[in-house]
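In our numbering, the protein residues as written are 4 to 431. Here's the structure we're looking at; comments come further down.
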Amino acid sequence: MRRLSLPEKWKVRELPWLSLITIPLLTAFTYWRLIDQGLAEHLFDYGTEGLNAVQAWENHGFWSMAGMFSWGQGYIPADVEPTRLYQSKTPLHLLHLWVAYKFVGSGGYPAFKLSYSLLLTSLNGFLLAGIARLCFQAFSTGIRKSIVNEIVVISTYAITVTNESMLRFCMVDEPDYLGVTFWLATILSLGFWLRRSEQKRVPRLSLALGFLTSWIYPVFGVTNVITLLILQLFKSEQRLKSALRALVPGSLLGIILYWIQRLIARAILPHKLYGSQLMDRMGMTNSMGAHDGIFDALDFIYDQRSGGIPGFLQQSQIYVEHCAVWILGIVLFFIVLARLRCIERQILLTLAAGGAWLFIPLLTQSVAQHGWVYGIHFMPAIVLGWIGALTTVLPGKRSAIFGPGMLGFIPLLIWAIQLRWFMVLYLR
């Protein structure tokens, strides 16, 4: 009988054993500590807006509400008509929650919310780990390069799954989180497509994911379109330029579909829709009573908790540690972006994390007033800034011991700082 042989890349000796062992253990310990410290009891600290919205669809009908949300009104019984519908969000980021609600009901929804949030947190960890692996070349050291690559993946994952903005998803139902997840998946799929040197077709998976990103969260879609257009001005491989151009129509289509739905909803329910106007969100008004500047828009660095940071934390060491992680991560991100020699990697890094910084000049007022919502957009920059610095910038990265030692130790230190910060600040 003929024996079947596995492809070379599937052979046991080629499996990333370090990652396969470390990441599950790291995930289990991290989530066990969070749950043991009471994460399940804090799932709705910032309200039940997502649950209320899907319950309103269930009670009143998705189409009768034109796919809009009863945001900020609490639970609306079937015999009470919604009076105000929020116009600035699309239904895509809650449709899956609606489907889940039909299966689990209100009694099982908290368990679903907890499981779903932690799964999405891990997914973002894997996506950013993949992007880090594509953007940052492993250095030659005294140990095998494949081991260093695994440390890059493990370290990126560890920083991501304990990031304050990422873990806050367990407590909110904002579309930003799902939009960021789909966009990171878009960039990772684009990076894999670029590695196939003989691939001549358009990156269809990236196009589909980019379209869904814009439809889920149109404001993010606008910043992504601007970033895609700007990056085409730089000299890069023609295939990459073509891919960037191909991503633009899909991103625009998502934005257009949102506006079509909004126009239809306004025609059907002309007196029920509400939401902030663009000039107000940008801070382009003459009202100083509701105006915050650029520096106030950066308060997500130190305060992502609705209601502010308790006084006892402002004087504590853990507060300084947390601020240091974010501030140094931001500085290192821009240093890494400047130091990378490969234009293709610079473009991938800009798409994954750099484009989100357009939120600050374009939506200053909105970011300044809702730093605890928008912080998730800057999470990739913090994570990739630290990992990029450890692999491409910091002295000693080529040392046989110091380089891989710091690549493993510093992310472990950040993991501990971030996990303690979240438990103390959010789970007290």
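Using N, Cα and C, we set each Cβ at its ideal position, and we do this for glycine too. Just so you know, these numbers come straight off a predicted model, no measurement behind them.
Quiz item: Helix, strand or coil: which one does DSSP assign to Y89?
Solution: Correct three-state label for Y89: strand.
| request: Can you grab the Cα-Cα spacing for the pair Y160 / V396, in whole Å? | output: 20 Å
Requested in this report: Could you check if S109 is buried or exposed, using at least 16 other CB atoms within 10 Å of its CB as the buried criterion?
Outcome: Exposed.
Assigned secondary structure, L276 (DSSP; H/G/I helix, E/B strand, else coil): If DSSP states are grouped into helix, strand and coil, L276 belongs with the strands.
Residue-chain proximity (G50, chain B), Cβ-Cβ < 8 Å = Any reference to chain B falls outside this structure, which holds one protein chain only.
Would L351 pass as a contact of L137 if the rule is Cβ separation under 8 Å? yes
So the alpha helix (DSSP H) D179 belongs to, where does it begin and stop? 178-198
Query - Identity of the residues DSSP links to F72 by a beta bridge - result: F72 pairs with Y89.
On the criterion of 16 or more Cβ atoms from any shown chain inside 10 Å, does E240 qualify as buried, or is it exposed? exposed
**Request:** Would you check if there are 3 or more beta carbon pairs closer than 8 Å linking the region 82-99 to the region 57-71?
**Result:** yes
Where the alpha helix (DSSP H) through V164 begins and ends:
148-164
Discussion item. Need the endpoints of the alpha helix (DSSP H) that L236 sits in, please.
Written reply: Note, L236: premise wrong, no alpha helix (DSSP H); not H, not E.
- Message: For E177, which residues in the same chain have their Cβ closer than 7 Å to its Cβ, ignoring the five residues on either side in sequence?
- Response: V376
- Query: With C-beta atoms as the reference, is I154 less than 8 Å away from P407?
  - Reply: yes
Check your understanding: For I404 versus I363, is the C-beta distance shorter than 8 Å?
Key -> no
For E11 and I38, what's the separation of their Cα atoms in angstroms?
With a pLDDT of 46 at E11, under the threshold of 50, the modelled position of that residue is not reliable, and the figure given next carries that caveat. Their backbone Cα atoms lie some 41 Å apart in a straight line.
Are there 16 or more other CB atoms within 10 angstroms of the CB of W66, so buried, or fewer, so exposed?
-> Burial call: exposed.
Among F303, I385, A392, G332, whose alpha-carbon lies nearest the alpha-carbon of R342?
A392
Less than 8 Å separating the beta-carbons of S209 and S254? no
For the candidate residues L28, W418, F237, whose alpha-carbon lies nearest to that of R348? Cα-wise, what sits closest to R348 is F237.
Exercise for review: For the region 118-136 and the region 81-90, state whether three or more C-beta atom pairs, one from each stretch, are separated by less than 8 Å.
Suggested key: no
So P113 is in the alpha helix (DSSP H); what residue range does that whole segment cover?
95-138
For this session: Let me know if G311 comes out buried or exposed under the rule of 16 or more other beta-carbons within 10 Å of its beta-carbon.
Result: exposed
inquiry  = Taking the alpha carbon of A188 as the reference point, which residue from K244, R248, S125 has its own alpha carbon closest?
reply    = S125
Please classify K148 as buried or exposed, where buried requires at least 16 neighbouring CB atoms within 10 angstroms.
exposed
Can you give me the start and stop residues for the alpha helix (DSSP H) that D283 sits inside?
281-285
At which residues does the alpha helix (DSSP H) containing T381 begin and terminate? Reading off the sequence shown, one finds Phe at residue 381, where the question assumed Thr. Looking at the DSSP string, F381 is not in any alpha helix (DSSP H), and its letter there is neither H nor E.
Fill in: Between the CA atoms of R207 and N166 - distance to the nearest angstrom
31 Å
From the DSSP output, in three-state form, read off T25 for me. helix
Evaluate the contact criterion for the region 245-262 versus the region 217-231: three or more CB pairs, one atom per stretch, below 8 Å.
yes
Self-check item: Candidates T163, G53, P113, D48, of which the one nearest L415 by Cα
Solution: When only C-alpha atoms are compared, the closest one is T163.
**Prompt:** Just curious, the alpha helix (DSSP H) that I267 is in, first and last residue?
**Reply:** 241-271
- Item | Of the listed residues L212, H294, I417, M285, nearest to G332 (C-alpha basis) | I417
message = Using a Cβ distance threshold of 8 Å, determine whether the region 263-272 contacts the region 67-76, with at least three qualifying pairs required.
response = yes
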